[in-house]
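Take a look at the structure set out below.
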Amino acid sequence: MEIVRTEKLEKTYEDEGVAVHALKGVDLSIEREEYTVIAGPSGSGKTTLLNLIGALDSPTKGTVLFENESLGDKSKGELSELRLHRIGYVFQAYNLIPVLTALENVEFTMLLQGLSKEERRKKARGILDELGIGDLADKRPNEMSGGQQQRVAVGRAVVADPLLVLADEPTANLDSKTGASLLDLMERMNSEKSITFIFSSHDPQVIERGRRLIKLEDGAISEVEDRGAGDAGGL
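Structure (structure tokens):
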């Protein structure tokens, strides 16, 4: 069943008066429970595409559909609800709140959703334990390594059981061993929690694990490679 579809998607920015065509007519379909990597060099449009799929930005032309509903037809409030309840985000820079502990950072989305303190705490502690960082619950971001911070960010993204997680260069600031461990965790969550994952990355170890690989060049799709679970590296 399809969860995301883009139709003739275009995004143009102005940079010092010059038009920059970040995306050029991107047609894409993502099925539920996919584990997909969007790959390409810096400037190819990967992050722009993720931001449009995740309702963090709006296209210049074209359409993004989430569960067959056009994002362009939704109000700002409806888009906020979509981001809060159905989409999780993992950013390259972690984007943790510095004054909050690991536990509080993971709880934050659930706080916005209106869950009770007891329920938030129970779910947050559970996901930190799953991620192998339960002992860091009371640590703030500046007391954690990059890999630990990124695990907290993954916990925050998945704790409310979103339908889709968008991960923008999640291993960019990690060493290869820590990155591999993080990818193992996200593969497991894809399998066990049926969460759809879409990555943007130029990291070879992320690319080799994707069960579907979409290559972007200069804002356009140049190749789509569908792989069986046995063909993707690390699976």
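Start counting the sequence shown at 0; every next residue gets the next number (numbering that gives the first Met the number 0).
Glycine included, each C-beta is placed from N, C-alpha and C at the ideal position.
Could you tell me the boundaries of the alpha helix (DSSP H) in which residue i lies?
i    : result
D183 : 175-192
D137 : Run containing D137: none; DSSP gives neither H nor E here.
I126 : 116-129
I96  : Element bounds for I96: n/a, residue is neither H nor E.
G145 : 145-157
Q204 : 203-208
If you count every other CB in all the chains shown that lies within 10 Å of the CB of residue i, and 16 or more means buried, which is it?
i    : result
N94  : exposed
Y88  : buried
R12  : First, the amino acid is wrong: residue 12 is Tyr here, not Arg. With fewer than 16 Cβ atoms within 10 Å of its Cβ, Y12 is classed as exposed.
E106 : buried
G178 : buried
Taking residue i as part of the beta strand (DSSP E), name the residues at either end of that continuous run.
i    : result
L55  : Taken as a continuous stretch (DSSP letters only), L55 belongs to no beta strand (DSSP E), as it is neither H nor E.
E6   : 1-14
T35  : 34-38
G76  : Looking at the DSSP string, G76 is not in any beta strand (DSSP E); the run it does join, the alpha helix (DSSP H), is 75-84.
E30  : 17-30
V164 : 163-167
I213 : 211-216
V223 : 219-225
I197 : 195-200
In chain order, what residues of the same chain have a beta carbon less than 8 Å from the beta carbon of residue i, not counting five sequence neighbours either side?
i    : result
L111 : L83
L189 : Note that residue 189 corresponds to Asn in the displayed sequence, not to Leu. For N189, where only same-chain residues beyond five positions count, the Cβ hits under 8 Å are E32, Y34, T195, F196.
A21  : K10, T11, Y12, G44, T47, G218
How long is the line joining the alpha carbons of residue i and residue j, rounded to whole angstroms?
i    : j    : result
G229 : E103 : Any reading at G229 must be qualified, since the residue scores a pLDDT of 46, below 50, and its modelled position is unreliable; no value is offered.
I29  : L130 : 26 Å
D128 : K23  : 43 Å
V19  : K121 : 46 Å
G71  : L184 : 33 Å
I213 : V17  : 28 Å
V98  : E222 : 43 Å
D14  : G42  : 13 Å
I96  : A152 : 10 Å
G133 : R124 : 7 Å
To which residues of the same chain is residue i closer than 6 Å at the C-beta, ignoring the five residues directly before and after it?
i    : result
I86  : G53, P161, L163
D137 : T100
D225 : R211
A219 : K23
F90  : D167
G233 : Any reading at G233 needs caution, since the residue's pLDDT is 42, under 50, leaving its predicted position unreliable; the model's value is listed next. Hits under 6 Å: R208.
Closer than 7 Å by C-beta to residue i: which residues in its own chain qualify, once you throw out the five before and the five after it? Chain order, please.
i    : result
R31  : M0, I2, T195
L58  : Looking at the sequence itself, residue 58 is Pro, so the reference to Leu does not match. The answer, listed in chain order, is L8, E9, K10, L51.
Q149 : Y93, P169, L173, L181
G145 : N172, L173
Would a check of beta-carbon distances place residue i closer than 8 Å to chain D?
i   : result
F90 : The structure shown contains no chain D; it holds only a single protein chain.
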